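Have a look at the structure below before the remarks.
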Amino acid sequence: MNDSPGWAVPGPSPSDGERPGASDGRDGAEGGTPPPAGGPKWSAEQPPPGEWSSPGTPQAPKAPQQQPQPGAGWGSYGGPQGPQGGQYGYPGTPGRWGKPPAAKPGVIPLRPLDLGEILDGAVATMRTHWRTVLPITLVVATVVQVISVFVQKYTSADLAATSGPGSGDSLKDVVDSLGGSMAALLATGFVQLIGTIVATAMLTMIFSRAILGHGSSIGEAWRESRPQLLRLLGLTLLLALGGIVIVLVLLLPGIALGSRGIAVVGGVAALPLLLWLALKFSLASPALMLEKSSVITSLRRSSRLVEGSWWRIFGITALTALITTFVSAIIVGPLTAVGLAIGLADSGVEGLENGTAATGWAALILSAVGAVIAQTVTMPIQSGVTVLLYVDQRIRREALDLELARAAGLENYGQDATAPPTGG
Numbered sequence: 152m153n154d155s156p157g158w159a160v161p162g163p164s165p166s167d168g169e170r171p172g173a174s175d176g177r178d179g180a181e182g183g184t185p186p187p188a189g190g191p192k193w194s195a196e197q198p199p200p201g202e203w204s205s206p207g208t209p210q211a212p213k214a215p216q217q218q219p220q221p222g223a224g225w226g227s228y229g230g231p232q233g234p235q236g237g238q239y240g241y242p243g244t245p246g247r248w249g250k251p252p253a254a255k256p257g258v259i260p261l262r263p264l265d266l267g268e269i270l271d272g273a274v275a276t277m278r279t280h281w282r283t284v285l286p287i288t289l290v291v292a293t294v295v296q297v298i299s300v301f302v303q304k305y306t307s308a309d310l311a312a313t314s315g316p317g318s319g320d321s322l323k324d325v326v327d328s329l330g331g332s333m334a335a336l337l338a339t340g341f342v343q344l345i346g347t348i349v350a351t352a353m354l355t356m357i358f359s360r361a362i363l364g365h366g367s368s369i370g371e372a373w374r375e376s377r378p379q380l381l382r383l384l385g386l387t388l389l390l391a392l393g394g395i396v397i398v399l400v401l402l403l404p405g406i407a408l409g410s411r412g413i414a415v416v417g418g419v420a421a422l423p424l425l426l427w428l429a430l431k432f433s434l435a436s437p438a439l440m441l442e443k444s445s446v447i448t449s450l451r452r453s454s455r456l457v458e459g460s461w462w463r464i465f466g467i468t469a470l471t472a473l474i475t476t477f478v479s480a481i482i483v484g485p486l487t488a489v490g491l492a493i494g495l496a497d498s499g500v501e502g503l504e505n506g507t508a509a510t511g512w513a514a515l516i517l518s519a520v521g522a523v524i525a526q527t528v529t530m531p532i533q534s535g536v537t538v539l540l541y542v543d544q545r546i547r548r549e550a551l552d553l554e555l556a557r558a559a560g561l562e563n564y565g566q567d568a569t570a571p572p573t574g575g
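Mapping of the sequence shown onto this note's numbering: position 340 corresponds to residue 491, and the numbering continues sequentially without gaps.
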């Protein structure tokens, strides 16, 4: 019997060991000769016609089945490299059965994914491998927020002392104070960048193993991701620098001509261009990590994978951002409000006017606690959706599901359902 996980046999079929001397499992169904009179007898109760014909019962020859054309039915790869000529579906019945059966060794089925399966795969990985996923994001979020609390506390205190009434400080002191605050904020941003890169790299490795049904320890994720960290940092900085250059180029005409209107037009034009490029290169990070490629190669890979699917990837990415933002607001909002209320109770209305209520220890600490919880929960979802989008695009274009099935130890996955049984 064909026990291939990629295709489910439509009806019961005897195993090869029960039919010695039988020719091909399809001879009877295709109008071949029945087995010899002295051969084994089949049960009188057979499946209904049209499901699965038992060998040995002569039938009228059937017209050859037409293979589904690429693009028809469900889940077209969009290319000739996939199984069945780049098309998923039961042979001869495109679109009749809906989604084809697929093996699911890990958090996703090995076939093109829809929106729900991508989101469910990200959440399922976080839920199943929480002992590995959550400590990584918790440590990164905690380090970033602790540094952020101290920076906000002391930079806001310096600004209040410098700009307060009767301070008597010169313009130079104000500029120096602002420069120090900006330097502290840049340092905080750099720490957050490094932490995000490390977390993204390790989470990518964890998700790649979860797709195959394998677990990962924190040590394994670190060892697998460490060789690519510098390249991932270079990729992130290159994308950020490219965005800055684009904005400056589009603002430059207005600045050079001294026209505020032209500058505004340039800034508005930069927004859709930046969005288009961000989505175009959104799969560069998993491509760099999982293919062990260079920065430029990963950018090219992302561009090819996104081509023709920009709007779909945009929709899934935007919905994920909306969900994670909503979850973060639910967590951070109440804690921030409690901290602000405590600050108002200590400083009164004056604290609200001069901003000290929002920069008090209670408000900063409670807000940071909320941010830590929110980032711990949402960071794996965002990283997981990106990785699964990358895998989904490769399944659709390059039949990656076959390679994943082999890596997961699934035998005969993706073989032609019309082929005779090959195993007992």
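Where a beta carbon is used, it is the ideal one built from N, C-alpha and C, also for glycine. Only a predicted model underlies this, so the values are computations on that prediction, with no experimental measurement involved.
| Item | Value |
| --- | --- |
| Simplified DSSP state of residue 554, which is helix, strand or coil | helix |
| Reduced DSSP secondary structure (H/G/I, E/B, other) of residue 510 | coil |
| Distance, residue 296 Cα to residue 267 Cα | 32 Å |
| Cβ shell of residue 518 (< 7 Å), same chain only, five flanking positions each side left out | 483, 486, 487, 490 |
| Environment of residue 291 [buried if 16+ CB atoms lie within 10 Å] | buried |
| Test item: CB-CB of residue 273 and residue 531 under 8 Å | yes |
| Top-ranked residue by Cα proximity to residue 421, from 398, 409, 403 | 398 |
| Nearest-angstrom Cα separation, counted from residue 289 out to residue 527 | 5 Å |
| Between the CA atoms of residue 415 and residue 374 - distance to the nearest angstrom | 47 Å |
| Residues near residue 390 in its chain [Cβ-Cβ closer than 7 Å; skip 5 each side] | 432 |
| Cutoff 7 Å; reference residue 301; Cβ partners in own chain excluding five residues on either side | none |
| Inter-residue spacing [alpha-carbon to alpha-carbon] between residue 494 and residue 512 | 8 Å |
| Chain-order list of residues whose beta-carbon lies under 6 Å from that of residue 355 (same chain, five-residue window excluded) | 437, 440, 538 |
| Which listed residue (407, 401, 411) has its alpha carbon closest to that of residue 423 | 401 |
| Three-pair Cβ contact test at 8 Å for the segment 256-265 versus the segment 551-559 | yes |
| Beta-carbon spacing of residue 434, residue 544 below 8 Å | yes |
| Expected contact under 8 Å - CB spacing of residue 352 and residue 368 to nearest Å | So it is not a contact: roughly 15 Å between Cβ atoms. |
| Start-end ranges of the alpha helix (DSSP H) lying completely within the segment 412-483, minimum 4 residues | 435-442, 446-457 |
| Nearest candidate by alpha-carbon position, reference residue 276, set 409, 520, 366 | 366 |
| Cβ-Cβ distance between residue 535 and residue 341 below 8 Å | no |
| Beta-carbon proximity of residue 430 to residue 256, cut-off 8 Å | no |
| Pick from 478, 447, 479, 509 that is closest to residue 382, judged by C-alpha positions | 447 |
| First through last residue of the alpha helix (DSSP H) which encompasses residue 265 | Taken as a continuous stretch (DSSP letters only), residue 265 belongs to no alpha helix (DSSP H), as it is neither H nor E. |
| 8 Å contact criterion, which residue 558 and residue 564 should meet: CB distance rounded | With a Cβ gap of about 11 Å, residue 558 and residue 564 do not count as contacting. |
| Proximal residues to residue 542 (C-beta, below 7 Å), its chain only, five neighbours per side dropped | 362, 551 |
| The alpha helix (DSSP H) enclosing residue 407, as first and last residue numbers | 380-408 |
| Continuous alpha helix (DSSP H) stretch holding residue 372: start and end | 369-376 |
| Environment of residue 338 [buried if 16+ CB atoms lie within 10 Å] | exposed |
| Given residue 347 as reference, the closest of 560, 561, 547, 533 once Cα atoms are compared | 533 |
| Backbone secondary structure at residue 348 - three-state DSSP | helix |
| Own chain residues within Cβ distance below 7 Å of residue 425, not counting five before or after | 394, 397 |
| Backbone secondary structure at residue 254 - three-state DSSP | coil |
| Assumed close pair residue 306, residue 335 - CB separation to whole angstroms, cut-off 8 Å | 5 Å |
| Residue 562 - DSSP class collapsed to helix/strand/coil | coil |
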